[in-house]
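Input: a single structure, listed below in structure tokens.
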Amino acid sequence: MMSSCRVCGSSAMVPVLSLGEQPLANHLLTAPDLSDEEDLYPLDLLYCESCTLVQLGASVPPSDLFDEYAYFSSQSQTMIRSGQTLAERLTRDPSVEDWFVVEVASNDGYLLQQYRSNGIAVLGVDPAANVVQVARERGVPTLCEYFSEDIGRRIATDYRPANIIHANNVIAHVPDPVDLLKGIGALLREDGLAVIEFPWVARLIDRTAFDTIYHEHLFYYSLTSFQNAVRAAGLYCTDVEEIDLHGGSLRVFLRRQQEEEVPNLRRVLEYERERGLTSLSGYQLLQQKVHSSIELLENEIDSIVGDGGTVAGYGAAAKATVLLNAAPRAADAVTFVVDSTPYKQGRFLPGVRIPIYPPEHLMMAMPTHTLILAWNFADEIMSKESEYIERGGRFFVPLPEPQYVTRGESR
Ligand code: TMP
Ligand code: ZN
């Protein structure tokens, strides 16, 4: 069990949720793996009373987690579109052709490609060799490294300081976020802008989205706790907006200098205070809410099966592993999961060992019900699978309680 906060060092850490012992959510199993026992690690959340940050208890060494990565951002049109819109917005500047844009945790290069197609110099940094290879093949130069203060300095020297630095869905995953932020500070031009996105803990609480809690995901930030880390790195939050990715994320803009008017920041910080997210009170009911969400899901699935129905899952996301391992009666009923990522097909979800097939399998097997495990992409998935719906198949999402969905009303 962790004894002190990874960001501020305080030992005033209070447990707020335990999900028991769980396998690594993205370590999909191959058929030969099925003959081995799986390693399980405790999955517990702690609240830091000093800097308000919510974080995992024990941690798993990062090399066990990220050297090969099953997550390819380009599997989702929603992600690609979000990247396009953002890049277009940020490049409305006359000097843009001379810019240098860096992305930390650039994955398969889907975001940098938007800049590159406008003739802007880009560099990606990502530790997972398999996604780096895909990025390079599509023409996005990428260093295969863990980003840090050292790497930030080195890129500033070997290349040049960056006009824009993106870091999407990484600040919650690295063991030392302040070091990553210092690296951003070291690489950013004096007038540069850093754009950081992460899932917002407020939305985790709203949805009881405990399935977004897994070993790779060390931190569950509010703007308040994120700002504390940013300050520790000598940077400033200058603006914030809520975006509709991963069930509700914050996109925070950082600069090397403080700016005067920050109404959006003040509004979100105030909202968090009102919600109790800057004290223990906002997290105290979580354990109880998680138990009742699991119970409701298992009851719904029992009743589907009791009525002679069959159940499949859609999306072999990390959250699928977490949800199904926490809800064994649901996992027993889910006979297979489909996913569009070729890497995942033919493998098995860890722990519950449910097989993963290509999406076409859904129409072949025609289960009466399909649980959208990747509920953050429910609309995109349902629009692809309209034929399944026309033939009588029913989609439902799991949290905070099972809900039947049709296109356009999944949120
Ligand atoms: P994520 O929730 O961690 O982003 O993972 C989403 C998973 O869902 C990922 O493995 C890809 C899969 N997926 C599909 O299979 N079909 C789709 O249409 C979309 C958007 C995602
Ligand atoms: Zn702390």
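Be aware that the sequence shown starts at 474, since it is given in our numbering, and climbs by one per residue.
For glycine and all other residues, C-beta sits at the position ideal for the given N, C-alpha and C.
The structure displayed is predicted, hence computed values, not measured ones.
Does the stretch 749-769 come within contact of the stretch 669-681, defined as at least 3 CB pairs closer than 8 Å? yes
Which term fits D664, buried or exposed, when burial requires 16 or more other beta carbons within 10 angstroms of its beta carbon? exposed
Straight-line gap, S766 to L797 (C-alpha atoms, nearest Å): 12 Å
Confirm, please, whether the CB-CB distance from S483 to S477 is below 8 Å. yes
If you compare alpha carbons, which of P614, R589, D581 is closest to A601? D581
In whole angstroms, what separates the C-alpha of V735 from that of E714? 12 Å
With DSSP as the reference, identify every bridge partner of P515, one or two as the case may be. E494
What's the C-alpha gap between I854 and E874? 19 Å
Rounded C-beta distance between A793 and L846? I'm assuming under 8 Å. 4 Å
For S883, does the count of other Cβ atoms within 10 angstroms reach 16, so buried, or fall short, so exposed? Reliability of the predicted coordinates at S883 is poor, the pLDDT of 49 falling under 50, and no value is obtained from them.
In its own chain, which residues sit with a C-beta less than 6 Å from the C-beta of N849, not counting the 5 before and 5 after it? H719, G720
Beta bridge counterpart(s) of I843 as assigned by DSSP: Reading the sequence as shown, one finds Thr at residue 843 and not Ile. Partner(s): A785, F868.
Heavy atom of ligand 1 within 7 Å of N849 beta-carbon: yes
Rounded distance between the beta-carbons of T525 and S695, thought under 8 Å: 6 Å
Mind checking whether V577 and F683 have CB atoms under 8 Å apart? no
If you compare alpha carbons, which of A485, A498, P488 is closest to I686? A498
Can you find the residues in the same chain that come closer than 6 Å, C-beta to C-beta, to N701, ignoring five residues on each side of it along the sequence? C524
Start and end residues, beta strand (DSSP E) containing V577: 573-577
What does the Cβ neighbour count give for Q730, buried or exposed, with the cut at 16 atoms within 10 Å? exposed
Candidates T879, P871, L872, V870, of which the one nearest E860 by Cα: T879
Taking all protein chains shown into account, decide if M836 is buried (16 or more other Cβ within 10 angstroms of its Cβ) or exposed. exposed
When G779, D780, P832 are compared against G788, the one with the closest alpha-carbon: P832
For ligand 1, I want to know if A803 counts as a neighbour, meaning its beta carbon is within less than 7 Å of at least one of the ligand's heavy atoms. no
What are the complete beta strand (DSSP E) segments, minimum 3 residues, inside the stretch 807-838? 807-811
Please give me, in chain order, every unbroken run of the alpha helix (DSSP H) with length at least 4 that falls completely inside the stretch 686-751. 696-705, 736-747
One or two residues paired with M486 in a DSSP bridge: C521
Beta carbon shell of ligand 3 at less than 6 Å from a heavy atom: With respect to small molecules bound, the structure shown includes ligand 1 and ligand 2 and not ligand 3.
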